[in-house]
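Undergrad: Provided herewith is a single structure, encoded as structure tokens, for subsequent inquiry.
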Amino acid sequence: MKHRLFRGGVHPEGGKELTKDKPIVPLDPGGTLVFPLSQHIGAPCLPLVEKGQEILRGQLIASPPEGRLGVAIHSSVSGKVKSIEMRPVVGGRGVSVVVENDGLAREVSFEERPRWRELSRESILSIISESGIVGLGGACFPTSVKLNPPPDSPIDTVILNGAECEPYLTCDDRIMQEHADDVACGTELLRRIFPDARIVVGLEENKPEAIEALSGAFAAIGADVEVRALPVMYPQGSEKQLIFAVTGRSVPSGKLPCAVGCLVQNVATVRNMYLAVAQGRPLMDRVITVTGEGIAEPGNFLVPLGTLVSRLIEVAGGFKGDPGKVIAGGPMMGFALTRLDVPVVKGTSGILVQPRSMTLVEPERDCIRCGRCIEVCPMGLEPYRLNRLALLEDYDAFVDEGGMDCIECGSCSYTCPSMRYLVQSLREAKRTAAARRRK
Ligand code: SF4
Ligand code: SF4
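One point on numbering: in the numbering used here, the residue at position 61 of the sequence shown is 79, and numbering is uninterrupted.
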């Protein structure tokens, strides 16, 4: 079937060659792990353990308040709870359970379900919720909630997101290559939940090995799933752009994908749905790409959640040269870290280290009205105007001009010849406008 090209978009430098051939390696998390109580969209969890308590890998250590949006948190190691305290996390500080790893990897007894294919929709959703699964593409929205859209928004198309358009990151690519069978089994769960929907995997055509592995895995179990190779274009993996590329449908401003009958799940999330439902294993680890020209031995690692970023860098051979910037995520949508003692959380897909020579920031210059930012904006916005409104703190006009539709993809900043801090100002303005609206 033909795909459609979403409007705008850019071709940022790949950087994927550093790790795309690096198989996933289990990572020893070291001595201290930190589990923030807020690592999903929804209410922060409440701790279920106390200082000094012995815990096991896979043990539930925190759960969301009764009746509130959120998902459970499980320990990824065995050991002792050292403290429950404020700790640095990506983007600030947050109450966290700090665990001293005993290195023995003693596990709870996971409940395998050999007849998982026969489970009811309700049972599947309940297991996914209890297993702490969120969207691993970075959104961190509770998966069980996403899989249960309102009855007046029937889903006719489920899209597995394997686009991984963010430069440098290859963790999803490796998952599709190395664990295609698990992803295929995960789609059987999606089929159980949405029996009448068509299922399509959307991924960029620069991942031929993943396309082959997935196609083989679906064929092996007779799954009716289309694998769709899409053009390499950033931000192909953004939900709205992927939906348009696969179905030609546009999600209206302020609406969710279910408004156009679609549901998108990241491939890593789908794999973890299978591990949770069939093998009884909650979300304890995730695959992370540690990469960049400033890291000695870039690679893909299976990382226990709660591992400190400093430990990831150590295992990946340490810094190469003078590190200029360490970013959680990729270069387009990631967050620069100001310290390395922050933990890996459910939404951490990569750690990127750029040497100082790559991070010299040119000063902002005046906008020359070249219009390039408008050309590349995949949401059809006028970034230079929104930037001006953000700087004027005119939040009503910012909202009126569609500022809240910005998906923070960074395409405008990437292309601006005047080095305007477009996405940064828009991100900030969105937060402020949303806070004003809540008030
Ligand atoms: S790309 Fe930069 S210089 Fe060109 S119109 Fe947009 S903000 Fe102005
Ligand atoms: S960051 Fe926002 S304004 Fe800039 S290109 Fe992306 S969607 Fe458009």
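The beta carbon of each residue, even a glycine, is placed where N, CA and C say it ideally should be.
Out of Val-126, Glu-130, Cys-183, Leu-36, which has the shortest C-alpha to C-alpha gap to Gly-27?
TA: Cys-183
Undergrad: Measuring only from the beta carbon, is Cys-158 closer than 6 Å to any heavy atom that is part of ligand 1?
TA: no
Undergrad: Alpha helix (DSSP H) containing Thr-265: first to last residue?
TA: 257–265
Undergrad: So, with DSSP's three-state summary, where would you put Arg-431?
TA: Per the sequence shown, residue 431 should be read as Ser rather than Arg. Three-state result, Ser-431: helix.
Undergrad: Which class does Ser-147 belong to by DSSP, given the choice of helix, strand or coil?
TA: helix
Undergrad: Counting beta carbon pairs with one atom in the region 159–178 and one in the region 283–294, are three or more of them shorter than 8 Å?
TA: The region 283–294 is in contact with the region 159–178.
Undergrad: Using DSSP's beta-bridge definition, name the partner residues of Cys-276.
TA: DSSP output for Cys-276 lists no bridge partner at all.
Undergrad: Is any heavy atom of ligand 1 found at a distance shorter than 6 Å from the C-beta of Arg-357?
TA: no
Undergrad: Taking 7 Å as the limit, tell me which residues put their C-beta closer than that to any heavy atom of ligand 2, in chain order.
TA: Gly-26, Cys-391, Val-394, Cys-395, Pro-396, Met-397, Leu-399, Pro-401, Leu-404, Cys-424, Ile-425, Glu-426, Cys-427, Gly-428, Ser-429, Cys-430, Ser-431, Leu-440, Val-441, Leu-444
Undergrad: Where does the unbroken beta strand (DSSP E) through Val-176 begin, and where does it stop?
TA: 175–179
Undergrad: Skipping 5 residues on each side, what residues in its chain have a beta carbon closer than 8 Å to that of Arg-403?
TA: Glu-419
Undergrad: Taking only heavy atoms of ligand 1 into account, decide whether any of them is closer than 6 Å to the Cβ of Gly-389.
TA: yes
Undergrad: For Lys-364 and Met-194, I'd like the C-alpha separation in whole angstroms.
TA: 19 Å
Undergrad: Apart from the five residues just before and just after Gly-97, which ones in its own chain have a Cβ nearer than 6 Å to its Cβ?
TA: Val-117, Glu-118, Asn-119, Asp-120
Undergrad: I'd like to know whether the C-beta atoms of Val-308 and Leu-330 end up nearer to each other than 7 Å.
TA: yes
Undergrad: Which one of Phe-212, Gly-279, Thr-205 has the shortest CA to CA distance from Val-245?
TA: Val-245 has its Cα closest to that of Thr-205, out of Phe-212, Gly-279, Thr-205.
Undergrad: Comparing C-alpha positions only, which one of Gly-220, Arg-216, Phe-262 sits nearest to Asp-242?
TA: Arg-216
Undergrad: State yes or no: is the C-beta of Ile-42 within less than 7 Å of the C-beta of Glu-196?
TA: yes
Undergrad: Report the residue from Val-52, Ile-79, Arg-387 whose alpha carbon sits nearest the alpha carbon of Pro-300.
TA: Ile-79
Undergrad: Have a look at Val-362 and Gly-324 and give me their C-alpha separation to the nearest angstrom.
TA: 5 Å
Undergrad: Any idea what DSSP makes of Lys-34, helix, strand or coil?
TA: helix
Undergrad: Between which two residues does the beta strand (DSSP E) carrying Thr-307 extend?
TA: 303–309
Undergrad: What residue does the beta strand (DSSP E) around Phe-463 start on, and which one ends it?
TA: As shown, the chain starts at 19 and ends at 457. That puts residue 463 outside it, with no answer to give.
Undergrad: Answer yes if the region 121–131 comes into contact with the region 99–107, meaning at least three C-beta pairs across the two stretches below 8 Å, and no otherwise.
TA: no
Undergrad: Using a Cβ-Cβ cutoff of less than 8 Å, which residues in the same chain neighbour Pro-168 once the five nearest sequence positions on both sides are dropped?
TA: Cys-276
Undergrad: Report yes or no: do three or more beta-carbon pairs, one from the region 42–56 and one from the region 73–91, lie closer than 8 Å?
TA: yes
Undergrad: Give the range of the alpha helix (DSSP H) segment to which Ala-453 is assigned.
TA: Element bounds for Ala-453: 440–456.
Undergrad: How many Å lie between Gly-339 and Val-305 at the Cα?
TA: 26 Å
Undergrad: Looking at Val-219 and Gly-180, is the spacing between their C-beta atoms short of 7 Å?
TA: yes
Undergrad: Quick check on DSSP: helix, strand or coil for Ser-436?
TA: coil
Undergrad: Check the C-beta distance from Gly-312 over to Gln-372 and give it rounded, since I have them as a contact under 8 Å.
TA: Here Gly-312 really is in contact with Gln-372; their C-beta atoms are around 5 Å apart, less than 8 Å.
Undergrad: Under the three-state reduction of DSSP, which class applies to Asn-405: helix, strand or coil?
TA: Three-state result, Asn-405: helix.
Undergrad: Can you tell me whether DSSP reads Phe-1 as helix, strand or coil?
TA: Any question about residue 1 goes unanswered here, given that the chain covers just 19 to 457.
Undergrad: Taking buried to mean at least 16 other C-beta atoms within 10 Å of its own C-beta, is Cys-395 buried or exposed?
TA: buried
Undergrad: Starting from the C-beta of Val-441, find all residues in its chain whose C-beta is less than 7 Å away, skip the five residues before and the five after it, and write them out in chain order.
TA: Glu-426, Gly-428, Cys-430, Ser-431
Undergrad: How about Ile-173 and Leu-281: are their beta carbons less than 7 Å apart?
TA: yes
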